[in-house]
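Asks: One structure follows; several queries about it will come next.
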Amino acid sequence: MLQKIRSFVLKSVNVKRSLKIAIIIIGLIGLLDSSYLTYSYFKANPINCFTEVKQVNSCQVVADSIYSTVLGVPISLLGMCFYLVVIGIGVISQKRDFTFLLNLLLPFSALAVLFSLRLTYLQVYVIGYICYYCLISAALSLALLGISWKIYNQINALE
């Protein structure tokens with residue numbers, strides 16, 4: 001039994017290098033995006049939004065809403081953790097393609113997309129303002145889901 005688990009976890013498949021590099025790039029961009037929001041949250045700095053709607057910093061309105069934290073933890077900090085895991089998987093897979101780790105990207109990115117959809121819904125229909133940094137993260141999650149799906153299909157096509 002232990003041997004089966006070990007072979008499953010350590011199983012290696014040759015995944016395209018460009019896909020693994022894309023994982024790292026998406027992770028780095030997401031980490032920068034969420035780090036900026038987390039820094040602004042803890043330093044109580046106003047968020048520099050790309051545009052203002054009716055002279056209102058829409059990113060700040062979203063960040064100041066009750067929906068910007070989960071159990072007192074800023075959502076941007078959760079995003080930082082997510083993107084750090086993504087970067088870690090991308091970096092580790094550069095050395096060796098552990099299918100176990102690469103297959104984890106699919107459910108992780110699917111959850112991130114679902115979470116982003118919920119947050120986008122809240123921004124549009126409840127808060128009434130859009131945070132462009134949040135939309136960047138949502139787009140990155142969606143791109144990561146597409147790459148994860150490609151990797152998943154590539155791995156399972158070889159089995």
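When we follow full-length UniProt numbering, the leftmost residue of the sequence shown carries the number 1, and every step to the right adds one. Note that beta-carbon positions come from the ideal geometry of N, C-alpha and C, so glycine has one too. It should be emphasised that the depicted structure is a prediction, and the values quoted were computed from it without experimental measurement.
Check whether the region 66–80 and the region 115–133 touch, using three or more Cβ-Cβ pairs below 8 Å as the test.
Replies: Verdict: yes, contact present.
Asks: Per the DSSP calculation, Val73 is bridged to which residue(s)?
Replies: Val73 is bridged to Val70.
Asks: Distance check for Ala63 and Ile5, CA to CA, integer angstroms please.
Replies: With a pLDDT of 45 at Ile5, under the threshold of 50, the predicted position of this residue should be treated as unreliable, though the coordinate-derived value follows. Rounded to whole angstroms, Ile5 to Ala63 spans 43 Å at the Cα level.
Asks: Check for me: the alpha helix (DSSP H) holding Ile21 runs from which residue to which?
Replies: Here the alpha helix (DSSP H) through Ile21 covers 17–43.
Asks: So, with DSSP's three-state summary, where would you put Phe98?
Replies: Phe98: strand per DSSP, three-state reduction.
Asks: Output needed for Val15: all residues of its chain with C-beta closer than 8 Å, excluding positions within five of it in sequence on either side, in chain order.
Replies: Within the same chain, Val15 has close Cβ partners Ser93, Asp97, Leu102, Ile151, Gln154, Ile155.
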